[in-house]
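If you're matching positions, the sequence shown starts at 18 in the numbering used here and goes up one per residue.
What follows is one structure encoded as structure tokens, with my remarks underneath.
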Amino acid sequence: MKRQKPPKKDPFASEPHKTELLRRTRELSALLAVAATATQSLDAKKILNDTLDKSLEILGFKVGYIRTLDPDAGGLKVRAARGLSSPEFLANVVPLDSRPSIAKAVFETREPYISSNIQKERRFRHGFMRKEGLVSAAFVPVPSKNRVMGLMMVGSTKFHKFSTRQIGLLQAFGAQLGVALENVELYDQVNNDRAYIENLVENAGDAIISTDIEHRILSWNRGAEVVFGYKKEEAVGKGLAILLPPRRVSELEEISDKIRLIGVIRNLETQRKRKDGIVIDAALAVSLIRDGTGNVTGFLHLAKDITEKKRYEQRLKELDKMKSDFVSNVSHELRTPLTAIKASVDNMLDGITGLLNEKQDRYLARIKSNTDRLARLINDLLDLSRIEAGRIDLKPSHLPLLQLAKEVAEILRTVAGQKLISLEVAADDGATAWADRDKVTQVLINLVDNAVKFTPHHGTVTIAVRKNGDQWAQVSVADTGPGMSGDQIGKIFDKFYRIDQSGKQKTKGTGLGLAISKALVEMHGGKIWAESKVGKGSTFFFTLPARRPFRLQAPSK
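As structure tokens, then:
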């Protein structure tokens, strides 16, 4: 007689299995939340506090702190703390060149330190932790790619034996925090260097020189004295050729001939010779001087010494490449665990790991939604790093804009429909553009998606295309949302800027969509701008060349 196999057990039928699934779901959600903060925020204080709060919440503790390395203070300084009241501890800096300590050991070895009962450990005998009534504590490093940024501690006033799973989760939080802090540090370095360079350029003294038609110097200001080294009495009456390096002796006649044709030369980068014989890089602007009857009587020369600017431009390119490489590396590093999380969640939703009840299915669907959102954020960061590094190539072709507008409308119609928003495409005049289809689609999706986000239920979003003269085509996206103030319009295309809607739920996103759109439009030679009034909705416009351009100047708004 053939024996029957016993029925398979449902792995989720018992309460312990359900509890374990919910616990794992909460842990995955917490890791996603910390990873999202790491990619979205450049505010170190927010990143530190959010990470500590999420770590304590998911592990079930109320006491914890984060120390980071402060070179100015000469050691590890408390940057975020919960459940600790001792002013001495909060102000204390752990030096790295003195006697051994737990914090120093964790920082230097990159290994966690676990104590289930610090009351019995001699090394805690005189420490603040006993005074605070802590019984159990776990310390983990906060590592970045090549170094340790600090350490994190969580503790309990009751005896607690830390599991391997808890330590692993705490280390994962520390690793995400390290990536985020290094990201902030690199952005600060780049921005500080950029601010220094811009300040150097803006405050440089400009030379203002006028000459007659024969290039004899008529006036010579203080800026010219500083830039070229000649005093006013030494220069006036001399020929401007005293500033020309030997290999540029014919440049004055070439400039004068060109000015007579086009009227003015702006930002001509060339070289000039100082009184001491040193050749400098200079940016020139040269225009005609006319008398009251319109006759040309001479030339006006404005010169800026850009030797330092040239040197720092090279350094800035190197810093931009470092930043782009870092953002790219961080994004790729985030993709690896994100892919694993997404695959696990998909498997669970597909029933591969067993049957799910309604609550479990809802939790997993939320994780999947946030995973997809985080993937989009990472893609935005990658797009921005490629643009800033000049790694995006356009593949333009003749592009019918009405057809493209209809395709984008269909893509986002479902999203608009969830808010009962009418998504319309206005009739056009046959406008076409010479542009990269994929890049223009990305710009238009960004603008329409933003319009839908900010438009209330039962509102309207309208896409319109038209010709803008013979050489340009114009696309606009209008909404019936709350509108923007003049100050907001001035910042809307800045990276990471998001409009603060007081009293309303914060709109999701990194604040990169419009910055990316602006860069892509300008790569085509066009312009992008916004017009809006508070309470009257907003309209975003961008222009594209209507045909293959040779040398076009984008139209003003």
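Just so it is clear, CB atoms sit at the ideal spot from N, CA and C, and this is done for glycine as well.
Open item on the list: Less than 7 Å between the beta carbons of Leu531 and Ile506, yes or no?
Closed with: What you label residue 531 is simply residue 514 of the sequence shown in a count that begins at 1. What you label residue 506 is simply residue 489 of the sequence shown in a count that begins at 1. The answer is no: Cβ separation not under 7 Å.
Open item on the list: Since Val482 and Asp445 should fall inside the 8 Å C-beta cutoff, what is the C-beta to C-beta distance between them, to a whole number of angstroms?
Closed with: As a working note, residue 482 is residue 465 in the sequence shown. As a working note, residue 445 is residue 428 in the sequence shown. Between Asp445 and Val482 the Cβ distance is about 4 Å, and since that is below 8 Å, they are a contact.
Task: Cα-Cα separation, Val465 to Leu93 - done: Here the question's residue 465 lines up with position 448 in the sequence shown. Here the question's residue 93 lines up with position 76 in the sequence shown. So the alpha carbons of these two residues sit roughly 47 Å apart.
- [ ] Return the chain-ordered ranges of every alpha helix (DSSP H) run that is complete within the stretch 455-543 and spans a minimum of 4 residues.
- [x] With a minimum length of 4 residues, the continuous alpha helix (DSSP H) runs that stay inside the stretch 455-543 are 503-508, 530-540.
TODO: Note down, in chain order, each residue of its chain lying with its Cβ closer than 8 Å to the Cβ of Arg233, except the 5 sequence neighbours on either side.
DONE: In the sequence shown, the residue the question calls residue 233 occupies position 216. Here the set comprises Gly254, Lys255, Gly256, Leu257.
Task: Sub-7 Å separation of Gly498 and Lys553 beta-carbons - done: In the sequence shown, the residue the question calls residue 498 occupies position 481. In the sequence shown, the residue the question calls residue 553 occupies position 536. No. Outside cutoff.
TODO: Give the secondary structure of Leu217 by DSSP, where H, G and I count as helix, E and B as strand, and everything else as coil.
DONE: Position 200 of the sequence shown, counting from 1, holds the residue named residue 217. Confidence in Leu217 is poor, its pLDDT being 47 and thus under 50, which makes the residue's placement too unreliable to answer from.
Task: When Trp489, Ser493, Ala433, Trp451 are compared against Gly476, the one with the closest alpha-carbon - done: In the sequence shown, counting from the first residue as 1, residue 476 sits at position 459. Closest by alpha carbon: Ala433.
Open item on the list: Classify Asn364: buried if its beta carbon has 16 or more other beta carbons within 10 angstroms, exposed otherwise.
Closed with: Taking the sequence shown and counting its residues from 1, one reaches residue 364 at position 347. That one is exposed.
Task: For Gln288, the three-state DSSP class (helix, strand or coil) - done: Counted from its first residue, the sequence shown places residue 288 at position 271. The DSSP-derived three-state label of Gln288 is strand.
- [ ] For Leu65, I'd like the list of residues in its chain whose CB is within less than 7 Å of its CB, leaving aside the five on either flank, ordered along the chain.
- [x] As a working mapping, residue 65 is identified with position 48 in the sequence shown. Answer for Leu65: Ile83, Arg96, Ala97, listed in chain order.
- [ ] Please check the pair Leu151 and Met169, which I expect to be a contact at CB under 8 Å, by giving their CB distance rounded to whole angstroms.
- [x] As a position in the sequence shown, residue 151 is number 134, starting the count at 1. As a position in the sequence shown, residue 169 is number 152, starting the count at 1. Not confirmed; about 15 Å, so no contact.
Open item on the list: Taking the alpha-carbon of Val159 as reference, which of Ala120, Phe141, Arg182 has the nearest alpha-carbon?
Closed with: Start at 1 with the first residue of the sequence shown, and residue 159 comes out as number 142. Per the Cα distances, Ala120.
Task: Coil, strand or helix - Gly81 by DSSP - done: Here residue 81 refers to the residue found at position 64 of the sequence shown. When secondary structure is reduced to three states using DSSP, Gly81 falls in the strand class.
Open item on the list: On the criterion of 16 or more Cβ atoms from any shown chain inside 10 Å, does Gly520 qualify as buried, or is it exposed?
Closed with: Reading the sequence shown from its first residue, position 503 is the one you call residue 520. Because the pLDDT of Gly520 is 49, which lies under 50, any placement of that residue in the model is unreliable, and the question is left without a value.
Task: For Val165 and Ser102, the rounded distance between their alpha carbons - done: Sequence index remark: in the sequence shown, residue 102 carries index 85 (1-based). Sequence index remark: in the sequence shown, residue 165 carries index 148 (1-based). Approximately 27 Å, taken between the alpha carbons.
- [ ] Determine the direct distance from the alpha carbon of Ala108 to that of Ala357, and round the result to whole angstroms.
- [x] The residue you call residue 357 lines up with position 340 of the sequence shown. The residue you call residue 108 lines up with position 91 of the sequence shown. Rounded to the nearest angstrom, the gap between the Cα atoms of Ala357 and Ala108 is 41 Å.
Task: Contacting residues, own chain, Cβ-Cβ under 8 Å from Lys423 (five flanking each side not counted) - done: Walking along the sequence shown from the start, residue 423 turns up at place 406. Within its own chain, the residues whose Cβ lies closer than 8 Å to the Cβ of Lys423, once the five positions on either side in sequence are excluded, are Val442, listed in chain order.
- [ ] Specify the secondary structure class of Ile358 as computed by DSSP and reduced to three states.
- [x] The residue labelled residue 358 in the question sits at position 341 within the sequence shown. DSSP places Ile358 within a helical segment (H, G or I) once states are collapsed to three.
Open item on the list: Tell me which residues share the same chain as Ala192 and place their Cβ nearer than 7 Å to its Cβ, disregarding the 5 neighbours each side in the sequence.
Closed with: Residue numbering aside, residue 192 sits at position 175 when the sequence shown is read from its first letter. Closer than 7 Å at Cβ, skipping near neighbours: Pro160.
- [ ] Apply the 10 Å Cβ neighbour rule to Asn312 and answer buried if 16 or more other Cβ atoms are within range, or exposed otherwise.
- [x] Within the sequence shown, the letter at position 295 stands for residue 312. The residue is exposed, with fewer than 16 neighbouring Cβ atoms inside 10 Å.
Open item on the list: So for Leu561, helix, strand or coil by DSSP?
Closed with: Mapped onto the sequence shown, residue 561 falls at position 544. DSSP places Leu561 in strand when its eight states are reduced to three.
Open item on the list: Assuming Asp576 is part of the alpha helix (DSSP H), what are its boundary residues?
Closed with: No statement about residue 576 is possible, as the shown extent of the chain runs from 18 to 574 and does not include it.
TODO: Consult DSSP for Pro129 and reduce its assignment to one of helix, strand or coil.
DONE: Working through the sequence shown from its first residue, we reach residue 129 at position 112. Judged by DSSP in its simplified three-state form, Pro129 adopts coil rather than helix or strand.
Task: Distance CB(Gly608)-CB(Leu86) smaller than 7 Å - done: Because the chain in this structure spans residues 18 to 574, residue 608 falls outside the shown range and cannot be described.
Task: Integer Cβ distance of Ile131 from Ile184, believed to fall under 8 Å - done: As a position in the sequence shown, residue 131 is number 114, starting the count at 1. As a position in the sequence shown, residue 184 is number 167, starting the count at 1. Contact holds; Cβ gap of about 7 Å.
Task: Alpha carbon of Val303 to alpha carbon of Asp322, nearest angstrom - done: Locating residue 303 in the sequence shown gives position 286, counting from the first residue. Locating residue 322 in the sequence shown gives position 305, counting from the first residue. For Val303 and Asp322, the distance between alpha carbons rounds to 15 Å.
Task: Coarse secondary structure for Pro160, derived from DSSP in three states - done: Position 143 of the sequence shown, counting from 1, holds the residue named residue 160. The answer is strand: DSSP assigns Pro160 an E or B state.
Task: Sheet register partners of Pro112 (DSSP bridge) - done: The sequence position of residue 112 within the sequence shown is 95, counting from 1. The partner list for Pro112 (beta bridge, DSSP) reads Gly92.
- [ ] Can you have a look at Ser502 and say buried or exposed, based on whether 16 or more other CB atoms are within 10 angstroms of its CB?
- [x] Against the sequence shown, residue 502 aligns to sequence position 485. Its Cβ having fewer than 16 others within 10 Å, Ser502 is exposed.
TODO: Ignore the nearest five residues each way along the sequence and tell me which others in Leu440's own chain have a CB closer than 6 Å to its CB.
DONE: Taking the sequence shown and counting its residues from 1, the one referred to as residue 440 is at position 423. So the list reads Ala426, Arg430, Ala433, Val478, once near-sequence residues are dropped.
TODO: Let me know if Glu128 comes out buried or exposed under the rule of 16 or more other beta-carbons within 10 Å of its beta-carbon.
DONE: As a position in the sequence shown, residue 128 is number 111, starting the count at 1. Classified as exposed, Glu128 has fewer than 16 neighbouring CB atoms from the shown chains inside 10 Å of its CB.
Task: Residue nearest to Arg139 in terms of C-alpha spacing, selected from Ser118, Ala360, Glu149, Phe124 - done: Position 122 of the sequence shown, counting from 1, holds the residue named residue 139. Ranking the options by Cα distance to Arg139, first place goes to Ser118.
TODO: Excluding the 5 residues preceding and the 5 following Ala495 in the sequence, name in chain order all residues of the same chain whose CB lies nearer than 6 Å to its CB.
DONE: Counted from its first residue, the sequence shown places residue 495 at position 478. Here the set comprises Thr479, Thr556.
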